[in-house]
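Residue numbers (the numbering used here): 539 to 953. We treat Cβ as the ideally placed atom computed from N, Cα and C, and that holds for glycine. So the structure is just underneath, and the comments pick up after that.
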């Protein structure tokens, strides 16, 4: 049994940032367990730029951003186990992992979960039709093109307008493919506004809202798809079907946090985020186990992932040194127009607390209202709000004094 103060599961942007922050906070016995051959996670296949503007002050590609943090890990001599798959954790913070050297058992004083996300697959969509070659998740196609140098198709339809799908629409166009359409079942796009502009509008790629793929055609290779408009219940509208010939279908239909290990430890999961329920220190319901990054909630920007992970790493170091105080305790709740709020619990009234949330649908000018049972704690106006862009609100320590009941975040639509 190996003994360590802090074990970080996952060596992507969240895991590296958490490990570096924990080390800098005074806890030098930190270990990272990573299942791939190198640190970096999903960043290694994201060769487009736009990373690091907030956190590092310069515009980098994904591999460059990953390398910046990998160098921080190396400079601190943080121990890293690569090609190591974690197969189990217990509430007592005992970790089971395996690699080419065999089975590893580690006991940690604190664990940081940073396993990231996986993509929702075709099997979860129940699209009728055959099972030909040429159907990929957008992330798989991205890895095949950017890391392995394969051209996955020449005539492409993309289902879903998440950020990965939008970025792949641009990438496929730049590599000479013809992107026939991007179809989105919702009446609004799920990606960042800048990606809609830079990836679709700049390349003349059509975006069909309220539209989905209803049938797949082809035997050995995809020959085309039938798309149709949908009603308010997302059911196809008869008579709106249209056939589009193509040899490739990319699916960008959502990300699922990799929380199998979280559930194995008996940690409560929030059904709205599919991530662990945490407090403002990113600590789960089991003391000493923390969660951060996309395994906690799906983020828009890697810079925000790093900030959240640093907060979790610092809190883990404080927990190891028995400096993490928990006295005040209030729950948070989502009100009108808000899909979820993270953290789900607040255990301090002595520090400012950041609340992260997403709205349920696109709005114009709005005002976010944070209130308890008796009074309004804070208000914050926005010129617009969209589900594809995470909102961050701050509650001051003095506003948390004498809070009665749960803290609810809702929005008011302004004229």
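For the set 606, 737, 540, the Cα lying nearest the Cα of residue 841 is the one of 606. Counting only the Cα atoms, residue 578 lies some 11 Å from residue 654. Ranking 714, 736, 682, 559 by CA distance to the CA of residue 704 puts 736 first. Collapsing the DSSP output to three states places residue 701 in a helix.
Put simply, the stretch 583-603 does not touch the stretch 564-575. Fewer than three CB pairs are less than 8 Å apart. By the criterion of at least three beta-carbon pairs nearer than 8 Å, the stretch 886-905 is in contact with the stretch 921-940.
In chain order, 543, 544, 855, 858 place their CB closer than 6 Å to the CB of residue 565, counting only its own chain and leaving out the 5 sequence neighbours on each side. Inclusion of residue 701 and residue 728 in the CB contact set at 9 Å is warranted, their separation being smaller than that value. For residue 947, the beta-bridge partners assigned by DSSP are 872, 908. Within its own chain, the residues whose Cβ lies closer than 8 Å to the Cβ of residue 768, once the five positions on either side in sequence are excluded, are 723, 748, 749, 750, 774, 775, listed in chain order. Comparing C-alpha distances from residue 660 to each of 879, 552, 753, 571 shows the shortest one belongs to 753.
Annotation note: the stretch 923-947 contains the following uninterrupted alpha helix (DSSP H) runs of length 4 or greater, listed N- to C-terminal: 935-938. DSSP links residue 808 through a beta bridge to 813. Nearest Cα to residue 790 within the set 699, 621, 917, 812: 699. For the stretch 711-767, not one full-length alpha helix (DSSP H) segment reaches 4 residues or more.
Per DSSP, residue 542 is one residue of the beta strand (DSSP E) stretching across 540-547. Within the stretch 635-676, the runs of beta strand (DSSP E) at least 3 residues long that lie entirely inside it are, in chain order, 640-651, 655-657, 673-675. Note that the C-beta distance between residue 806 and residue 786 is not below 9 Å. Looking from the CA of residue 825, the closest CA among 679, 585, 745, 628 belongs to 628. Nearest neighbour of residue 874 by Cα position, chosen from 899, 764, 850, 852, turns out to be 899.
Here residue 816 really is in contact with residue 881; their C-beta atoms are around 5 Å apart, less than 8 Å.
In the assembly as shown, residue 641 is an exposed residue. Its beta-carbon has fewer than 16 other beta-carbons within 10 Å.
Among the bridge pairs identified by DSSP, residue 566 is matched with none. With contact defined as three or more Cβ pairs closer than 8 Å, the stretch 900-907 and the stretch 917-928 are in contact.
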